[in-house]
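Just so you know, the protein sequences line up as chains A and B, in that order. In this text, residue positions in the first sequence follow the numbering used here: the first is 427, and each later residue adds one. In this text, residue positions in the second sequence follow the numbering used here: the first is 427, and each later residue adds one. Heads up: the structure comes next, in C-alpha cells.
2 protein chains.
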Amino acid sequence: MKSKRVPRAVREQQMLDAAVLTFARRGYRAASMDEIAEVAGVSKPLVYLYLNSKEELFSAVIRRERAALVAAVTAAVQPGEAADRQLWSGLRGFFAHTAEHPAGWAVLHQQARTHGEPFAVEVADMRAEIVAFVTELIGMAAKEAGCVGELAEREVAGLAHALVGAAESLAEWANTRTDEGPSGDQEHPTAKDAAATMMNFAWTGLGHLMGGERWTPGGAGGEGGRG
Amino acid sequence: MKSKRVPRAVREQQMLDAAVLTFARRGYRAASMDEIAEVAGVSKPLVYLYLNSKEELFSAVIRRERAALVAAVTAAVQPGEAADRQLWSGLRGFFAHTAEHPAGWAVLHQQARTHGEPFAVEVADMRAEIVAFVTELIGMAAKEAGCVGELAEREVAGLAHALVGAAESLAEWANTRTDEGPSGDQEHPTAKDAAATMMNFAWTGLGHLMGGERWTPGGAGGEGGRG
Numbered sequence: 427m428k429s430k431r432v433p434r435a436v437r438e439q440q441m442l443d444a445a446v447l448t449f450a451r452r453g454y455r456a457a458s459m460d461e462i463a464e465v466a467g468v469s470k471p472l473v474y475l476y477l478n479s480k481e482e483l484f485s486a487v488i489r490r491e492r493a494a495l496v497a498a499v500t501a502a503v504q505p506g507e508a509a510d511r512q513l514w515s516g517l518r519g520f521f522a523h524t525a526e527h528p529a530g531w532a533v534l535h536q537q538a539r540t541h542g543e544p545f546a547v548e549v550a551d552m553r554a555e556i557v558a559f560v561t562e563l564i565g566m567a568a569k570e571a572g573c574v575g576e577l578a579e580r581e582v583a584g585l586a587h588a589l590v591g592a593a594e595s596l597a598e599w600a601n602t603r604t605d606e607g608p609s610g611d612q613e614h615p616t617a618k619d620a621a622a623t624m625m626n627f628a629w630t631g632l633g634h635l636m637g638g639e640r641w642t643p644g645g646a647g648g649e650g651g652r653g
Numbered sequence: 427m428k429s430k431r432v433p434r435a436v437r438e439q440q441m442l443d444a445a446v447l448t449f450a451r452r453g454y455r456a457a458s459m460d461e462i463a464e465v466a467g468v469s470k471p472l473v474y475l476y477l478n479s480k481e482e483l484f485s486a487v488i489r490r491e492r493a494a495l496v497a498a499v500t501a502a503v504q505p506g507e508a509a510d511r512q513l514w515s516g517l518r519g520f521f522a523h524t525a526e527h528p529a530g531w532a533v534l535h536q537q538a539r540t541h542g543e544p545f546a547v548e549v550a551d552m553r554a555e556i557v558a559f560v561t562e563l564i565g566m567a568a569k570e571a572g573c574v575g576e577l578a579e580r581e582v583a584g585l586a587h588a589l590v591g592a593a594e595s596l597a598e599w600a601n602t603r604t605d606e607g608p609s610g611d612q613e614h615p616t617a618k619d620a621a622a623t624m625m626n627f628a629w630t631g632l633g634h635l636m637g638g639e640r641w642t643p644g645g646a647g648g649e650g651g652r653g
C-alpha cells in the first residue's frame with residue numbers, strides 16, 4: 427500500500443464508500459468496523475478517528491446517500507416542463523440512480539428504516555420530501571388537464587403515495603435481478619424500461635382519471651347480485 | 427382477575443394478540459415480555475411456558491398475521507370472475523384487512539422485515555406469493571383483452587411489483603392517518619376508497635396499455651432536441 431498522504435476529505439469519502447458496500451452486504455448489525463476499514467484500505471483506528479462510531483458512520487452514510495438520491499432526481503427534472511414530462515424525467519433519474527448505486531439504495535430502503543429512530547427519521551424525511559414533490563406534480567397535471575377540484579386533495583395525496591411505493595418496489599425488484607451477474611444485463615430492466623413501465627402504469631391511468639374516466643366495479647357486470 | 431381455567435389455545439391467542447400490539451407499538455427490540463404478559467393479563471412465566479422466547483413469540487405472531495392477511499385477500503376474491511374484478515376484490519380485501527388490523531400490518535410491513543433472516547424470509551415469502559397472484563391476474567387480463575405477447579413477461583412482472591408496492595405504501599399511509607383518532611374517521615380513506623384509488627390509478631392505465639396505448643416522452647414535445 428502506498429503511504430502517500432491523502433487529504434482527509436478524500437479518505438472520508440473512501441471510508442463512506444466502503445461503509446455503504448459493507449452495510450448493504452452484511453446489514454447494519456452484522457457489519458463490522460474491521461471489514462469497513464479493510465474494504466477502505468485504512469486502519470480501524472483511522473476510521474474511528476474520522477467517524478467516531480459505527481452509529482455515526484451509519485448516519486453519515488444515510489445522509490450522503492439521501493442527498494445523492496435527491497440530487498439525482500432533482501437534476502433530472504426540468505422545472506419549466508409539463509407535469510407528465512417532469513414526472514417521467516424524475517422517475518428516470520430515480521431508476522438510473524438506484525440502478526447505478528444498488529448498495530446505497532439497499533441502505534436507504536432496507537437498512538436505514540429498520541434500526542431505530544435517528545436513522546429511520548432521516549429516510550422518512552426523504553420519503554416525505556419525494557411524496558410532496560410528486561403530489562405537487564399530480565396537482566399540476568390535474569390543473570393542466572383543466573380538472574381543478576375534480577381530483578380531491580386526499581385522492582391526489584393517495585396517488586402520490588401509491589406512485590412512490592410503486593417506484594420503490596420496482597427499484598428493489600430491478601436491483602434484485604442484477605444479482606444474476608453484471609454481464610447478464612439483458613436480464614435486468616434499464617432505468618428507461620422501469621420509468622416507462624411506471625409511466626404506462628400510472629400516467630395513462632391518471633390521464634384518463636383526470637378526464638373523468640373511472641374504473642367502477644359495476645363495469646364488468648354489476649356489483650354483486652346481477653352476476 | 428378471574429382464576430377460571432382458560433383452554434391453552436385461547437390463552438395462546440390472547441398472548442399473540444397482546445404481542446402484536448406490543449411489537450407494533452414498541453418495535454421488536456424494545457418490546458418486553460413483561461409488557462406482553464401484562465397486556466395479555468397473564469404472568470410472564472406463563473408466556474415463556476407457552477411460547478418459549480421472544481424470538482419464537484415474534485415468529486408465531488408473524489406466521490399468524492401472514493396467514494390472516496393472505497386468507498383475507500383470498501377470501502375476498504371470486505376465482506371465476508374477470509381479472510379486473512378479481513383484482514378489485516383482492517385489493518379491497520387487502521385494504522379492509524390492513525385497516526382493521528393496523529398492528530398486524532405494522533408488524534408485517536415494518537417490524538418483520540428488519541430484524542434478521544428467519545423473520546424477513548417469512549414476509550418475503552408472503553410478498554412473493556402475493557406478487558405471483560397479481561402477476562397471474564395481469565396476465566389473465568392481458569389474455570382477456572386479447573393482447574397475448576403484447577405485454578412482455580418481464581413487463582407484467584414489473585407491473586405486478588409496482589402494484590404491490592403501491593398497495594403497501596397506500597395501506598401504510600392510510601393507517602398513519604388513522605392516528606388522528608378513532609372517532610375522526612372521516613379523515614382516513616376507507617378500504618373501498620383505497621381500492622378505488624388503486625384501481626383508477628393502475629387499472630385504467632393498464633387497460634389502455636393493453637389496448638396498445640402507451641405514454642411516450644415524445645408525446646409532450648419530443649425527446650430532447652426538438653424542444
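Glycine residues also receive a C-beta, built at the ideal position from the N, C-alpha and C atoms. Model, not experiment: these values are computed from the prediction.
Does chain B have any CB closer than 9 Å to the CB of Arg455 of chain A? As a first step, residue 455 of chain A is located in the first sequence; it is residue number 29 there, counting from the start. So, interface residue.
Verify whether the separation of the beta carbon atoms of Gln654 of chain A and Val432 of chain A is less than 9 Å. Any question about residue 654 of chain A goes unanswered here, given that chain A covers just 427 to 653.
Taking Cβ-Cβ distances shorter than 8 Å, what residues in chain A pair up with Leu589 of chain B? Sequence index remark: in the second sequence, residue 589 of chain B carries index 163 (1-based). Within chain A, the residues near Leu589 of chain B are Ala592 and Phe627.
If you count every other CB in all the chains shown that lies within 10 Å of the CB of Asn478 of chain A, and 16 or more means buried, which is it? By one-based count along the first sequence, residue 478 of chain A stands at place 52. Under this definition Asn478 of chain A is an exposed residue.
Tell me whether Asn478 of chain B sits in a helix, a strand or coil according to DSSP, three-state version. The residue you call residue 478 of chain B lines up with position 52 of the second sequence. Here Asn478 of chain B sits in coil by DSSP.
Do the stretch 465-472 of chain B and the stretch 496-515 of chain B meet, that is, are 3 or more Cβ pairs less than 8 Å apart? no
Tell me whether Gly467 of chain B sits in a helix, a strand or coil according to DSSP, three-state version. In the second sequence, the residue the question calls residue 467 of chain B occupies position 41. Here Gly467 of chain B sits in coil by DSSP.
Tell me the rounded alpha-carbon separation between Ala435 of chain A and Tyr476 of chain A. Here residue 435 of chain A corresponds to residue number 9 of the first sequence, with the count starting at 1. Here residue 476 of chain A corresponds to residue number 50 of the first sequence, with the count starting at 1. Pairing Ala435 of chain A with Tyr476 of chain A, the inter-Cα distance amounts to about 10 Å.
Let me know the secondary structure DSSP gives Ala550 of chain A once reduced to three states. Along the first sequence, one-based indexing puts residue 550 of chain A at 124. Ala550 of chain A falls in the helix class under three-state DSSP.
Would you mind reading off the limits of the alpha helix (DSSP H) that contains Ser515 of chain A? Here residue 515 of chain A refers to the residue found at position 89 of the first sequence. That run of the alpha helix (DSSP H) goes Ala509 to Glu526.
Shorter than 9 Å from the beta carbon of Leu598 of chain A to some beta carbon of chain B? For the purposes of this step, residue 598 of chain A is identified with residue 172 of the first sequence, where counting begins at 1. Looking at the sequence provided, one finds Glu at residue 598 of chain A rather than Leu. Interface with chain B (9 Å Cβ-Cβ cutoff): Glu598 of chain A is included.
Report back the beta-carbon spacing between Ala450 of chain A and Val533 of chain A to the nearest angstrom; my notes put them in contact at under 8 Å. Residue mapping note: residue 450 of chain A aligns to position 24 of the first sequence, counting from 1. Residue mapping note: residue 533 of chain A aligns to position 107 of the first sequence, counting from 1. With a Cβ gap of about 5 Å, Ala450 of chain A and Val533 of chain A count as contacting.
Whole-angstrom C-beta distance between Ala617 of chain B and Phe484 of chain B, which should lie under 8 Å: Numbered from 1 along the second sequence, position 58 holds the residue referred to as residue 484 of chain B. Numbered from 1 along the second sequence, position 191 holds the residue referred to as residue 617 of chain B. So it is not a contact: roughly 27 Å between Cβ atoms.
Measuring straight from C-alpha to C-alpha, what distance separates Ala466 of chain B and Ser458 of chain B? Residue 466 of chain B sits at position 40 when you count from the first residue of the second sequence. Residue 458 of chain B sits at position 32 when you count from the first residue of the second sequence. Approximately 12 Å between the Cα atoms of the pair.
What residues in its chain sit with their C-beta under 7 Å from that of Trp514 of chain B, if we drop five residues either side in the sequence? The sequence position of residue 514 of chain B within the second sequence is 88, counting from 1. By the criterion of a C-beta distance shorter than 7 Å, Trp514 of chain B is surrounded in its chain by Ala621 and Met625, once the five residues flanking it on both sides are discounted.
With DSSP collapsed to three states, give me the class of Val503 of chain A. Here residue 503 of chain A refers to the residue found at position 77 when the first sequence is read from its first residue. Correct three-state label for Val503 of chain A: coil.
Are Leu495 of chain A and His541 of chain A touching if we call contact CB-CB under 9 Å? Residue numbering aside, residue 495 of chain A sits at position 69 when the first sequence is read from its first letter. Residue numbering aside, residue 541 of chain A sits at position 115 when the first sequence is read from its first letter. At least 9 Å separates the beta-carbon of Leu495 of chain A from that of His541 of chain A.
What are the residues of the stretch 509-528 of chain A that lie near chain B, defined by any Cβ-Cβ distance shorter than 7 Å? Asp510, Arg511 and Trp514
Thinking Leu585 of chain A and Ile564 of chain A are a contact (beta carbons under 8 Å), I'd like their distance in whole angstroms, please. Locating residue 585 of chain A in the first sequence gives position 159, counting from the first residue. Locating residue 564 of chain A in the first sequence gives position 138, counting from the first residue. Correct: roughly 6 Å between the Cβ atoms.
Identify the continuous alpha helix (DSSP H) that holds Val446 of chain A and give its terminal residues. Start at 1 with the first residue of the first sequence, and residue 446 of chain A comes out as number 20. Arg434 to Arg452 is the span of the alpha helix (DSSP H), which, as asked, contains Val446 of chain A.
Of the residues B:Thr448, B:Gly453 and B:Arg580, the one placed nearest Thr623 of chain A, counting alpha carbons only: Residue numbering aside, residue 623 of chain A sits at position 197 when the first sequence is read from its first letter. When only C-alpha atoms are compared, the closest one is B:Arg580.
On the premise that Gly453 of chain B lies in contact with Gln512 of chain B, defined as a C-beta separation below 8 Å, what is that separation, rounded to the nearest angstrom? Position 86 of the second sequence, counted from the start, is the residue given in the question as residue 512 of chain B. Position 27 of the second sequence, counted from the start, is the residue given in the question as residue 453 of chain B. 36 Å between Cβ atoms; not a contact.
Glu491 of chain A versus Arg553 of chain B: straight-line alpha-carbon distance, rounded: Position 65 of the first sequence holds residue 491 of chain A. Position 127 of the second sequence holds residue 553 of chain B. Rounded to the nearest angstrom, the two C-alpha atoms are 27 Å apart.
Within a Cβ cutoff of 7 Å, which residues of the same chain sit near Glu438 of chain A, ignoring the five residues on either side of it in sequence? Translated into the one-based positions of the first sequence, residue 438 of chain A becomes position 12. Within the same chain, Glu438 of chain A has close Cβ partners Tyr476.
Looking at chain B, which residues of the stretch 532-556 of chain A have a Cβ within less than 8 Å of any of its Cβ atoms? Gln536, Arg539, Thr540, His541 and Gly542
Given Val487 of chain A, which residues of its chain have a CB within under 7 Å of its CB, disregarding the five upstream and five downstream residues? Taking the first sequence and counting its residues from 1, one reaches residue 487 of chain A at position 61. For Val487 of chain A, where only same-chain residues beyond five positions count, the Cβ hits under 7 Å are Leu442, Ala445, Val446, Phe449 and Val533.
Rounding to the nearest angstrom, what Cα-Cα distance links Thr561 of chain A and Phe559 of chain B in this structure? Here residue 561 of chain A is taken as the residue at index 135 of the first sequence, counted from 1. Here residue 559 of chain B is taken as the residue at index 133 of the second sequence, counted from 1. Cα to Cα, the separation comes out at about 30 Å.
Let me confirm a value: Ala497 of chain A is counted as buried when at least 16 other C-beta atoms fall within 10 Å, else exposed. Which label applies? Mapped onto the first sequence, residue 497 of chain A falls at position 71. Flag for Ala497 of chain A reads exposed.
Which of the three DSSP states is assigned to Arg431 of chain B in this structure? By 1-based counting over the second sequence, the position of residue 431 of chain B is 5. Taken through DSSP and simplified to helix, strand or coil, Arg431 of chain B comes out as coil.
Does the CB of Leu585 of chain B have a neighbour CB from chain A at under 9 Å? Counting from 1 along the second sequence, the entry for residue 585 of chain B is found at position 159. Chain A, which has a Cβ nearer than 9 Å to the Cβ of Leu585 of chain B, makes this yes.
Distance cutoff 9 Å, beta carbons only. Does Asp619 of chain A sit that close to anything in chain B? Position 193 of the first sequence holds residue 619 of chain A. Answer yes: the Cβ-Cβ gap between Asp619 of chain A and chain B drops below 9 Å somewhere.
Anticipated Cβ contact below 8 Å, Glu695 of chain A with His527 of chain A, distance rounded: Any property of residue 695 of chain A remains undetermined from this structure, which presents chain A solely from 427 to 653.
Residue environment, Arg539 of chain B, which counts as buried when at least 16 other CB atoms sit within 10 Å: One-based indexing of the second sequence puts residue 539 of chain B at position 113. It is buried - the Cβ of Arg539 of chain B has at least 16 other Cβ atoms within 10 Å.
Are the beta-carbon atoms of Phe627 of chain B and Leu517 of chain A separated by less than 9 Å? Here residue 627 of chain B refers to the residue found at position 201 of the second sequence. Here residue 517 of chain A refers to the residue found at position 91 of the first sequence. No.
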